[in-house]
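Report on the following structure.
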Amino acid sequence: MPARVAVAADQDGPGGRLQPLAEDGTPLGEPVRVRDLAAAVAEHEAAEAPRWVWAATDEVYGRLLPRLPASRLARCHDVKLVEPLLLGQEDRYGQPRSLGAAWARLHGLPVPADLPEGSAASDADQDTLFAPDRTRLPPGADPLQALVAVHAEQQRRIAATAEPGRIRLLCAAESAGGLVAAEMAFDGLPWSAEVHDQLLYDLLGSRPGGGGQPAKLASLSYELQQALGGKPLNPDSPGQVLRAFAEQGISLTTTRNWVLRDLDHPAAPLLLRYKELSRIHAAHGWAWRDTWARDGRFRPEYVVGGVVSGRWASRGGGALQIPRILRAAVVADPGWRLVVADAGQLEPRVLAAMSNDPGMIRAGAAGDLYAGLAADAFKGDRARAKLGLLGAMYGQTSGETGQLVAVLRRRFPQAMGLVEAAARTGESGGVVRSQLGRVCPPPSASWLDLTEGAGPASDTGDDSAARDTRSRGRFTRNFVIQASAADWALALIAGLRRRLAAIPVATDGDRPRLVFFQHDEVIVHTPAQLSDAVRTAVADAGEEARRLVFGATPVQFPLDTHVAESYLDAKGGSDDEDEDADG
DNA sequence: GTCACGTGCGCC
DNA sequence: AAAGGGCGCACGTGAC
């Protein structure tokens with residue numbers, strides 16, 4: 001029985017070719033041509049559940065999904081997701097990642113650039129040197145043979161890394177993320193047009209015809225204009241707003257919210273309200289829904305590995321920035337529930353686990369890590385403890401927060417030592433890694449030019465070289481935490497996906513589905529009667545992720561899990577998810 | 001008209 | 001007090 005099977009779909013039509021492989025990528029027998037690729041894949045899956053090997057999950061699996069049984073596929077190896085992880089291991093960061101690029105490198109041929117993500121391949125691919133699909137193979141190359149060769153090479157490269165076990169896990173987790181992303185795009189997030197409409201009506205008034213301005217915005221805009229002297233004013237133009245305030249004798253340098261909140265002038269609250277509503281109208285209004293949330297599902301596109309830290313990015317619809325107020329529109333189907341789980345205080349817990357700092361471990365053991373920190377070092381002032389710790393992880397050094405960081409440095413030397421070592425590595429031009437070994441990008445050539453000889457210790461002032469150096473330090477400081485949190489989250493969704501698939505269901509259509517993932521939070525859409533099974537799956541997956549990524553750490557990564565009909569209800573009224581631990 | 005950029009704000 | 005990391009998106013602005 002093959003451990004793996006490589007898949008190449010035909011350019012058009014439902015057929016394709018399969019090549020059984022040994023675990024190390026060696027072909028077992030001859031490739032098999034099939035007329036119905038989805039049926040053949042489903043048959044293999046039922047028989048032996050191999051790890052599927054393909055050029056890119058979003059394309060191959062995305063096309064198979066509609067024709068696969070509801071049980072879908074368990075595991076894959078995504079060559080295009082794995083390639084940049086391995087390039088990072090080999091000090092070759094940033095090279096093109098397509099199958100064609102990897103194949104060209106393997107053969108010492110000119111390497112094709114990656115196509116811009118999201119563009120239709122046929123549009124962007126004006127040159128005729130490479131395939132019209134996104135594999136970027138030259139026309140002479142056989143896609144299946146190229147896939148088999150590149151995959152075997154990737155397996156060899158994984159084995160050649162310093163810690164093959166970790167990198168193998170990282171590659172598997174990233175590939176599993178590809179499966180999840182494709183399925184979430186396919187299944188969509190349940191979205192109630194009725195609730196969304198009601199929200200928009202309450203906030204903005206009736207939907208304007210012809211894309212005009214909603215009534216509430218028009219009247220706010222008029223009131224604002226009157227409050228600022230009565231001259232015509234576009235509230236969306238920061239320049240005009242600043243000039244209008246100046247004419248009222250108020251000198252501002254920016255119109256940011258935090259400035260306006262402290263401003264004692266009748267125009268300030270009007271402008272704040274205008275900004276709030278106009279943003280909802282522009283970013284998540286009727287036009288947004290027409291485009292992204294049709295037929296009861298919000299279907300964004302997720303970009304696995306779209307952030308260098310391993311976080312996902314999204315393309316279109318702002319999937320990872322759904323405003324809190326609109327979460328009321330995320331509503332389960334009748335008879336179904338949303339199981340919403342978020343990992344509270346994930347990043348400080350990651351820091352505690354990575355650094356093994358005894359004080360931080362103690363602080364987290366009681367449940368609320370910030371409160372524990374506060375009891376230990378800030379006379380119980382939780383807000384200051386939280387501010388200080390976030391400052392330490394983000395690189396804040398100035399102002400009051402800088403002093404809080406100094407307190408933390410004395411009380412939690414191991415934890416602070418870890419982030420500060422990461423910062424120093426970055427400042428001196430080095431790279432840092434996540435817990436599973438994801439490598440951060442090296443500094444750019446221009447960074448090296450600019451900062452040459454201008455080490456942070458030799459700061460002569462606030463010249464741009466020193467600023468760039470510090471900025472690089474903040475980036476690497478944060479990278480070790482953010483990227484390791486992403487490691488954990490990927491392991492979480494991979495394990496959760498596997499457990500959800502194992503939950504027995506009455507009928508095929510009634511399966512729990514992972515429908516949302518946002519850095520440290522997941523939503524599962526499930527038949528109501530399976531809610532408890534899903535809760536268990538979430539908790540078990542979190543525990544498994546902890547063990548896989550952090551080994552024997554005593555640090556817990558508790559998942560705050562709620563079952564509800566709407567996302568808003570599940571999240572409660574807290575305006576700070578870190579505070580959820582309080583109640 | 002398109003494009004790149006800056007501003008500002010949503011999320012983590 | 002406003003020199004904290006990572007994103008995506010809409011808008012205004014200025015260059016072409």
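Residue numbers (the UniProt record's numbering): 1 to 583. Just so you know, even glycine gets a beta-carbon here, dropped at the ideal spot from N, CA and C.
Tell whether a beta-carbon distance below 9 Å holds between residue i and residue j.
i, j, result
"valine 340", "valine 148", "no"
"leucine 387", "leucine 404", "yes"
"leucine 568", "alanine 343", "no"
"valine 432", "alanine 422", "yes"
"leucine 57", "valine 304", "Residue identity check: residue 57 is threonine in the sequence provided, not leucine. In contact: threonine 57 and valine 304 (Cβ atoms closer than 9 Å)."
"arginine 362", "tyrosine 370", "no"
"arginine 411", "alanine 392", "no"
"threonine 397", "glutamate 427", "no"
"glutamate 183", "leucine 490", "no"
"alanine 332", "glutamate 565", "yes"
"glutamate 301", "alanine 185", "yes"
"glutamine 414", "phenylalanine 550", "no"
"tyrosine 274", "leucine 217", "yes"
"glutamine 19", "valine 32", "yes"
"threonine 561", "arginine 535", "yes"
"glycine 359", "aspartate 376", "yes"
"leucine 144", "alanine 8", "yes"
"leucine 228", "proline 214", "no"
"arginine 477", "glycine 395", "yes"
"leucine 109", "proline 66", "no"
"arginine 299", "leucine 179", "no"
Since I believe residue j is in contact with residue i (beta carbons under 8 Å), could you give me their beta-carbon distance rounded to a whole number of angstroms?
i, j, result
"alanine 501", "alanine 74", "7 Å"
"leucine 346", "isoleucine 523", "Rounded, the Cβ-Cβ distance is 16 Å, inconsistent with contact."
"alanine 50", "valine 82", "Before going on, a small fix: residue 50 reads as proline here, not alanine. With 8 Å as the limit, proline 50 and valine 82 do not qualify as a contact, their Cβ atoms being about 17 Å apart."
"leucine 64", "alanine 38", "5 Å"
"alanine 353", "valine 555", "4 Å"
"leucine 85", "cysteine 171", "6 Å"
"serine 314", "alanine 486", "Rounded, the Cβ-Cβ distance is 15 Å, inconsistent with contact."
"glycine 364", "glycine 372", "6 Å"
"glycine 437", "glutamate 163", "6 Å"
"alanine 545", "arginine 499", "So it is not a contact: roughly 12 Å between Cβ atoms."
"glycine 94", "proline 441", "6 Å"
"alanine 42", "glycine 335", "Not quite, the Cβ-Cβ distance comes to about 28 Å (not below 8 Å), so this is no contact."
Please classify residue i as buried or exposed, where buried requires at least 16 neighbouring CB atoms within 10 angstroms.
i, result
"isoleucine 493", "buried"
"tyrosine 61", "buried"
"lysine 80", "buried"
"methionine 1", "exposed"
"leucine 448", "exposed"
"cysteine 506", "The sequence shown places alanine at residue 506, not cysteine. When all chains shown are included, alanine 506 counts as exposed."
"aspartate 508", "exposed"
"alanine 457", "Reliability fails at alanine 457, whose pLDDT of 47 lies under 50, so the model's placement of it is uncertain and the value that follows must be treated cautiously. When all chains shown are included, alanine 457 counts as exposed."
"tryptophan 312", "buried"
"glycine 88", "buried"
"glycine 13", "exposed"
"serine 119", "With a pLDDT of 48 at serine 119, under the threshold of 50, the modelled position of that residue is not reliable, and the figure given next carries that caveat. Serine 119 is exposed by the Cβ-count criterion."
"threonine 254", "exposed"
"alanine 22", "exposed"
"glycine 16", "buried"
"leucine 233", "buried"
"aspartate 123", "Bear in mind that a pLDDT of 41 at aspartate 123, under 50, signals an unreliable position, so the model cannot answer this."
"isoleucine 481", "buried"
"glutamate 194", "exposed"
"glutamate 452", "exposed"
"threonine 460", "Because threonine 460 sits at a pLDDT of 49, beneath the cut-off of 50, its placement in the model cannot be relied upon, and the point is left open."
"threonine 526", "buried"
"glutamine 11", "exposed"
"isoleucine 325", "exposed"
"leucine 28", "exposed"
"alanine 146", "buried"
Handout entry: Segments of 4+ residues assigned as alpha helix (DSSP H) that fall wholly inside the segment 271-357
Key = 286-292 and 346-355
Problem - Uninterrupted alpha helix (DSSP H) stretches inside the segment 420-472 (no shorter than 4 residues) - result: 445-451
Practice task
Within the segment 469-547, note down every full beta strand (DSSP E) run reaching 3 residues or more, in order along the chain.
Solution key: 513-517 and 521-527
Practice task
Could you tell me whether the segment 321-331 touches the segment 277-293, where touching means 3 or more Cβ pairs closer than 8 Å?
Solution key: yes
Exercise for the section: Count the CB pairs spanning the segment 136-153 and the segment 89-105 that are closer than 8 Å, and state whether there are at least three. Expected result: yes
Practice task
Please specify which runs of the beta strand (DSSP E), each continuous and at least 3 residues long, are wholly inside the segment 20-89, giving them in chain order.
Solution key: 32-34, 51-54 and 75-78
Exercise for the section: Spell out a yes or no on whether the segment 220-232 and the segment 263-278 are touching, meaning 3 or more CB-CB pairs, one atom from each, closer than 8 Å. Expected result: Taking a contact to require three or more Cβ pairs closer than 8 Å, the segment 220-232 and the segment 263-278 qualify as touching.
Handout entry: Complete runs of the alpha helix (DSSP H) confined to the segment 376-408 [at least 4 residues]
Key = 382-394
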